[in-house]
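What follows is a set of notes on a single structure, which appears directly below.
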Amino acid sequence: MESYKTLENWEKGLKIAEYALELIPAYTPRYLRWPEAQSLLSRISGLASFAAAFSLQAGKPEGATLALLERGRGVAADLIYDLRLDFESRKFANLKPAYKETLLSSIGRLENPVQRPDLSSDVLGSGTAELTKRLEASKIVDEFMESFSARLKPDNTGFTGFTRNGPIVIINVSFRCDAFIIKHVIETMPLPKLFEEDLEWRLRDENLGSLNTLEWLWDTITAPILGHLGYTEIPSVEWPQICWIPTGALSRFPLHAAGYHQDKTGRTVIDRAMSSYSSSLNAILEGGAKDKRNASAKAVLVAMQRTPGSSSLPHAPKEVSIVRKLCDSMELCTVEPKRQTQEVLSELKDCDIFHFAGHGETDETNPLKSQLRLEDWQTQSLAVSDLLNLKLRDNSPFLAYLSACGTSQIKDKRLLDESLHLISACRLAGFRHVVGSLWEVGDEACVDVAETVYQELKDSEMDDGSVCRGLHKAVRKLRDNWVTGARMRAVKKDLDISIGKFGDSENGSQDGLSSGRSARDIVPLDEDENERPAPWVAYVYHGSR
């Protein structure tokens, strides 16, 4: 398609892109387990964004273009959503009992598609007989999905219920960059200052949370979008909520934190709107399909102060202690299981809240191996693969709070379109709301953030907007304290220079960050203020609307 881009033959290039996207279901058939599908999908990374760019160049309607983009992203996740439809809902009331039984049996055959990375196919019995049964089951489910699909349709309808709290903004990154803004209809907005090459350059620099990067994101992406939406001032009463869906390399950047934070003029996203994220539009449509609360009212709490092979996190017990007290005040039954994988997974099956304070690890090449580290992580980790195999949607647990490092990180750029990480795994498992991080977070700062979030849950009686509001309040407070501290450090630095003391390293803690190095620390203390990652930037929220 590159040749058609060079020739500016948009119609021909679009036809080829559409044909390639139509082949994805055959390329990654339903009977494949996730590791195999993931490997195949890594080879077509960027195809959907390329197709959407061609579609816009060819002047096609916004809805049709967005449907193309959705078709080639989050493919493996969509296969799981298909298998976890709520067949007790009214939309399936007309299914004949015999057909429904056959369909559920076929879905059961295809369930648990995520093979643990440390198990061979022989262990799972994927011989010829098993493969034949999976093929037959796949055919039955495919035929059903052809007759019924809740997926995005290119007619600009069906979004009102999901934008009542604020717009959804999908940002496509390719040889042209555009924002799809969904309120009651779909609009497109070109982003002429954004170039894919600039994102790649900044990724190599790895300073994604620095003030320089946040200001660049504001000028290039978020300021034009907020201006288009009419979010030009700090809200006086109710805060709007923007759901960001970045694509490609942009998914690693903190759009929610973009802006000029040191001048206190409100030229920031966080001062004009609350932010949430989603891996795709279909994830919003599917994730919001269930609206009942789990009757168990149980909070599963895990504090990992000491983890084998990892640095100590002295503030993790304090964090969980505060969360426990707030959960008790909300009449939630708190459970603190043994800090081992099977014990925790067992408790998650009927929980309402899961709070983990400890180490997170992002696997360099295989997102299925990204994990939350428990005491037995070296022999049996609590990995993405384990979370994906949980089926919690019938319980609809309220919150997974992952107070750990990099729980939304994907390090293999070929898999960015699939958005597979610890946060998305919790969403796929059935959690309505998930709090996590883009990269490292400070051990001490995590305590204050968690306290503010859970206090908001209590004050708002755990309504669906409380998690986003709570995290927004917490991060804004942390940001304000950091800005004040940065100014004080700048004054001290000038004084030290004037009296000849510059060169001594700073001691003690900084904005809630321990001066000792641990996995929840943010940065060395000798970097330039504008270049080091700001400690409040990493926190993110994914959830239902």
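Its first residue numbered 1, the sequence shown is counted upward by one per residue in UniProt numbering.
Where is the CB? At the ideal position from N, CA and C, for every residue including glycine.
Cβ contact annotation for residue 336 (same chain, cutoff 6 Å, sequence separation greater than five): 301, in chain order. Residue ranges of uninterrupted alpha helix (DSSP H) with 4 or more members, entirely inside the region 303–387 and ordered along the chain, are 316–329, 341–348. Take residue 433, set aside five residues on each side of it, and the residues of its chain with a beta-carbon closer than 6 Å to its own are 399, 467, 543, in chain order. The residue from 38, 62, 51, 473 with its alpha-carbon nearest to that of residue 74 is 38.
Of the other Cβ atoms in all chains shown, 16 or more fall within 10 Å of the Cβ of residue 254; this residue is therefore buried.
Looking only at 533, 133, 269, the smallest Cα-Cα distance to residue 206 is reached by 533. Remark: fewer than three beta-carbon pairs, one from each stretch, lie closer than 8 Å, so the region 317–331 and the region 413–426 are not flagged as touching. Taking 8 Å as the cut-off, the Cβ atoms of residue 170 and residue 162 do not count as close. For the set 479, 348, 362, the Cα lying nearest the Cα of residue 401 is the one of 348.
Cβ-Cβ separation between residue 172 and residue 273: approximately 21 Å, too far for a contact (criterion under 8 Å). Taking 8 Å as the cut-off, the Cβ atoms of residue 382 and residue 304 do not count as close. Under DSSP, residue 179 forms a beta bridge with 171, 189. Taking 8 Å as the cut-off, the Cβ atoms of residue 261 and residue 479 count as close. Taking one beta carbon from each stretch, the region 31–50 and the region 11–20 have 3 or more pairs nearer than 8 Å; the two touch.
Taking the Cβ atoms as the reference, residue 65 lies roughly 6 Å from residue 56, within the contact range of under 8 Å. Excluding its 5 nearest sequence neighbours in each direction, residue 190 has C-beta neighbours in its own chain below 6 Å: 178, listed in chain order.
In the three-state reduction of the DSSP assignment, residue 52 falls in the helix class. Taking the CA atoms as reference points, residue 405 sits about 40 Å from residue 19. The continuous stretches of beta strand (DSSP E) do not include residue 4, which lies in the alpha helix (DSSP H) extending over residues 2–7. As a beta-bridge residue in DSSP terms, residue 277 pairs with 244, 542. Residue 401 is bridged by DSSP to 355, 435. A straight line joining the alpha-carbon of residue 390 with that of residue 98 spans about 27 Å. One Cα belongs to residue 395, the other to residue 420, and the distance between them is close to 22 Å. With three or more CB-CB distances shorter than 8 Å, the region 91–105 counts as touching the region 136–147.
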